[in-house]
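So the sequence shown is numbered by full-length UniProt numbering: it starts at 1 and just counts up by one. The beta-carbon is built from N, C-alpha and C at its ideal position, and this holds for glycine as well. Data first, discussion second: the structure below is written as structure tokens.
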Amino acid sequence: MSESPVLSDASADRKESAAEAVDAVDTVEESALRLRWRRFRPGVGVTVGLGILVVLFAMAYVAPLIRPFSANEVAGAPFAAPDGTHWLGTDDLGRDYFVRLCVAGRTSLSIALAGSVLALVAGSVVGFAAGVGGRWLDTVLMGGVDLMLSFPSLLLGLAAVTVFSPSTTTLIAVLSFVSLPHFARIVRARCLEVRELEFVLSARISGVRSSMIVLKHLLPNVLPLMMVQLANSAAIVILLESALSYLGLGVQPPTPSWGRMIAEAQNYLTNSPWLVLGAGGALLLSSVGWGLIGEGFAVSRRSVV
Numbered sequence: 001m002s003e004s005p006v007l008s009d010a011s012a013d014r015k016e017s018a019a020e021a022v023d024a025v026d027t028v029e030e031s032a033l034r035l036r037w038r039r040f041r042p043g044v045g046v047t048v049g050l051g052i053l054v055v056l057f058a059m060a061y062v063a064p065l066i067r068p069f070s071a072n073e074v075a076g077a078p079f080a081a082p083d084g085t086h087w088l089g090t091d092d093l094g095r096d097y098f099v100r101l102c103v104a105g106r107t108s109l110s111i112a113l114a115g116s117v118l119a120l121v122a123g124s125v126v127g128f129a130a131g132v133g134g135r136w137l138d139t140v141l142m143g144g145v146d147l148m149l150s151f152p153s154l155l156l157g158l159a160a161v162t163v164f165s166p167s168t169t170t171l172i173a174v175l176s177f178v179s180l181p182h183f184a185r186i187v188r189a190r191c192l193e194v195r196e197l198e199f200v201l202s203a204r205i206s207g208v209r210s211s212m213i214v215l216k217h218l219l220p221n222v223l224p225l226m227m228v229q230l231a232n233s234a235a236i237v238i239l240l241e242s243a244l245s246y247l248g249l250g251v252q253p254p255t256p257s258w259g260r261m262i263a264e265a266q267n268y269l270t271n272s273p274w275l276v277l278g279a280g281g282a283l284l285l286s287s288v289g290w291g292l293i294g295e296g297f298a299v300s301r302r303s304v305v
């Protein structure tokens with residue numbers, strides 16, 4: 001039996017509608033992917049910042065492996081000028097300055113990154129708890145955060161370090177502690193904003209647990225801000241670490257760090273300026289690199305929103 005013209009036309013219309021629906025879905029998915037790419041596409045600032053950090057990390061972890069000297073080895077005469085053997089000269093004890101600069105970068109960069117990541121984790125926990133835990137918990141937690149923010153970070157770090165014996169572990173803990181309030185405030189503010197949106201209210205009305213709401217709805221919306229703050233925090237933390245090490249309350253000898261190297265070389269600035277300029281320049285570049293990454297992601301996010 002042959003199919004009637006009416007049924008044939010209806011079938012063709014259904015196929016055409018299905019094809020249009022598929023095209024519409026593809027268009028929506030393509031638009032979503034394009035929007036996601038625009039959000040995470042690195043700008044010039046991010047590219048430059050990443051380039052600076054890649055060079056610094058490569059120097060910190062790769063360069064010492066290809067040099068014939070160790071960081072604490074007496075490799076020549078004291079205060080030797082830069083030459084083919086000692087690329088940045090030697091320090092007051094005759095140690096190769098380039099190798100010490102690279103090993104110090106490994107110390108300072110690792111401490112700054114570890115302290116910032118710990119601050120992100122701890123601060124996010126406090127921020128989420130304050131944002132979804134109710135008025136009483138919010139008041140208590142934010143009261144503590146405001147109290148910490150009322151003190152300068154360096155002063156708070158000095159007070160905390162003096163309570164414990166100076167060490168790398170203590171320094172990381174102190175730096176994460178003084179950076180925690182900034183993450184907590186940002187996460188809490190974003191949580192208070194997102195939790196009033198319709199899809200979050202619908203989830204709460206449906207009986208979804210608070211932990212699932214945090215993981216499924218709040219965290220994805222807070223994560224971009226957390227990444228921006230992570231980069232900004234690393235830029236500040238590495239300066240705090242160097243300041244504490246400069247004052248003798250951070251990394252202890254014989255482990256080199258940029259702040260400690262500046263403190264050791266400050267008396268020789270006139271005769272051997274490279275001893276201060278090398279560590280100071282590396283410290284400046286690292287802070288600028290992290291700052292460019294944070295600012296680049298922040299600008300990219302604002303342009304999309």
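DSSP places V74 in the strand class (E or B) of the three-state scheme. Distance check between V174 and each of Q266, V126, A159, G296 places A159 closest, using alpha-carbon atoms only. In this structure, the CA atom of L239 is about 16 Å from the CA atom of G294. Just so you know, the alpha carbons of G43 and R185 end up roughly 27 Å apart.
Leaving aside the five residues that flank L192 on each side, the residues in its chain whose CB is nearer than 7 Å to its CB run, in chain order, G131.
In the three-state scheme derived from DSSP, where H, G and I count as helix and E and B as strand, D146 is classed as helix.
Between the stretch 133-146 and the stretch 195-203 there are fewer than three inter-stretch CB-CB distances shorter than 8 Å, so the stretches are not counted as touching. For R195, the three-state secondary structure derived from DSSP is coil. By the neighbour-count definition (other C-beta atoms within 10 Å, threshold 16), D91 is a buried residue. A contact between stretches requires three or more CB pairs, one per stretch, nearer than 8 Å, and the stretch 95-110 meets this requirement with the stretch 72-81.
Taking 8 Å as the cut-off, the Cβ atoms of A119 and S179 count as close. Distance from the CA of A189 to the CA of G207, rounded to the nearest whole angstrom, comes to 24 Å.
With 16 or more other CB atoms across the displayed protein chains lying within 10 angstroms of its CB, F183 is buried.
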